[in-house]
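*Asks:*
Residue numbers (this note's numbering): 1 to 49.
Written out as structure tokens, the structure reads:
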């Protein structure tokens with residue numbers, strides 16, 4: 001685990017990857033705010049039967 005300081009809120013957190021320099025890294029709470037909503041099964045599926 002790697003210790004980081006969240007780019008948004010400044011909180012200390014741990015992540016399971018080595019952060020890339022120059023890219024923002026977020027704690028769990030801020031990450032959940034930034035990630036796109038999860039698509040449920042069938043979203044965007046175009047049926048042409």
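We treat Cβ as the ideally placed atom computed from N, Cα and C, and that holds for glycine. Quick caveat, the model's predicted, so the values are computed rather than measured.
(1) DSSP beta-bridge partners for residue 5?
(2) Using three-state DSSP, classify residue 35 as helix, strand or coil.
(3) With a threshold of 16 other CB atoms inside 10 Å of the CB of residue 9, please say whether the residue is buried or exposed.
(4) Among residues of its own chain, excluding the 5 on either side of residue 34, which ones have a beta-carbon nearer than 7 angstroms to its beta-carbon?
(5) Quick check on DSSP: helix, strand or coil for residue 28?
*Replies:* Working from what's here:
(1) Locating residue 5 in the chain shown gives position 5, where the first residue counts as 1. Paired residue(s): 12.
(2) Numbered from 1 along the chain shown, position 35 holds the residue referred to as residue 35. The three-state secondary structure of residue 35, taken from DSSP, is coil.
(3) Stepping through the chain shown from its first residue, residue 9 is reached at position 9. Counting Cβ neighbours within 10 Å, residue 9 comes out exposed, since fewer than 16 surround it.
(4) On the chain shown, residue 34 is found 34 positions in, with the first residue counted as 1. So the qualifying residues of the chain are 26.
(5) Residue mapping note: residue 28 aligns to position 28 of the chain shown, counting from 1. Reduced to three states, the DSSP call for residue 28 is helix.
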